[in-house]
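Visitor: Take this note's numbering: the final residue in the sequence shown is number 226, and no numbers are missing along the way.
Cβ atoms here follow ideal geometry from the backbone N, Cα and C, with glycine treated the same way.
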Amino acid sequence: MRRQAGTCETVQEIINIAVTAEAFAVTALGGAIESALAGALSLTEEAIQALVAARAAEQAHYEFLVESGAEPLTTTFTVPDPAILTEITTFYPTLIALEEAFIAAYIAAAQVFAIRREPRLAQIALQIGAVEAEHRAGVRFFAITAGAVTGVPNDVAFEKALFTSVGEAAAALEELGFIGGTGTEITYPGPGEIDTTGVGELRP
């Protein structure tokens with residue numbers, strides 16, 4: 023996916039990267055939920071419920087993108103550090119960083135869609151990015167409560183625009199070892215059923 027990083031991406035390239043990221047999110051959250059339910063990852067019941075809801079949202083994003091013609095670049099991912107699924111001091115900061123990357127990817131996507139005069143897709147990118155920002159604040163809340171990070175949950179006035187292209191987000195996942203890495207392989211959709219309980223607006 024490294025070749026996708028660039029400033030002249032097509033709509034197809036963008037949605038392919040986005041659906042890959044959503045598949046990763048669904049899969050990784052499934053692994054975290056399974057680990058927590060097994061007692062290996064010390065999460066509160068409320069935190070688990072929040073992750074279950076977040077996973078349902080990511081699956082809704084995935085399904086919309088697939089229906090829009092997106093094709094995942096891969097559905098097999100890797101966990102670069104086993105501690106991500108066993109230690110909250112590793113899990114929470116990692117998940118926060120991933121949410122920030124997803125938010126930034128959709129900011130970049132919205133910019134390109136606007137340039138390409140795709141207002142509907144720009145709207146969808148903003149809708150999804152807003153949900154990813156909700157996830158980030160929620161994760162920060164539980165992380166602060168657990169003593170894994172400090173500060174307040176909603177700690178930014180403007181989300182960080184980390185990337186100039188969506189491909190940079192995909193390259194970042196590769197560099198971090200979540201795609202094509204040497205860690206344990208996990209395959210979409212990951213363990214457990216998708217549970218949409220309490221999650222509305224499953225379609226844009």
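1) Name the two residues that bound the continuous beta strand (DSSP E) containing residue 208.
2) For the putative contact between residue 144 and residue 155, defined by C-beta atoms under 8 Å, what is the C-beta separation to the nearest angstrom?
3) Check each candidate in 113, 192 and 216 and name the one with the smallest Cα separation from residue 42.
4) Using the rule of at least 16 other Cβ atoms within 10 Å of the residue's Cβ for burial, across every protein chain shown, is residue 116 buried or exposed?
5) Identify which residue in 153, 109 and 139 has its Cα closest to the Cα of residue 124.
6) Please classify residue 178 as buried or exposed, where buried requires at least 16 other C-beta atoms within 10 Å of its C-beta.
7) Would you mind working out which of 38, 77 and 36 sits nearest residue 222, comparing C-alpha positions?
8) So what does DSSP say about residue 99, is it helix, strand or coil?
9) Could you compute how far the alpha carbon of residue 79 sits from the alpha carbon of residue 212?
10) May I have a chain-ordered list of the alpha helix (DSSP H) segments no shorter than 4 residues that lie completely inside the region 65 to 111?
11) Quick one: give me the first and last residue of the alpha helix (DSSP H) that residue 40 is part of.
12) Just how far apart, CA to CA, sit residue 194 and residue 54?
13) For a quick check, are the C-beta atoms of residue 46 and residue 99 less than 8 Å apart?
14) How many angstroms separate the CA atom of residue 172 from the CA atom of residue 38?
15) Identify which residue in 69, 44, 87 and 64 has its Cα closest to the Cα of residue 33.
Guide: Let me spell this out:
1) Start and end: 206 to 209.
2) No, residue 144 and residue 155 are not in contact; Cβ-Cβ is about 16 Å, not under 8 Å.
3) When each option's Cα is compared against that of residue 42, the closest is 192.
4) So residue 116 ends up on the buried side.
5) Cα-wise, what sits closest to residue 124 is 153.
6) Exposed.
7) It is 77.
8) Shown here, residue 99 sits in a strand according to DSSP, grouped into three states.
9) Rounded to whole angstroms, residue 79 and residue 212 show a C-alpha spacing of 15 Å.
10) Listed in chain order, they are 67 to 89.
11) From DSSP, the alpha helix (DSSP H) with residue 40 extends over 33 to 59.
12) Distance between the alpha carbons of residue 194 and residue 54: 21 Å.
13) Yes, the Cβ-Cβ distance between residue 46 and residue 99 is below 8 Å.
14) Roughly 35 Å separates the two Cα atoms.
15) Cα-wise, what sits closest to residue 33 is 87.
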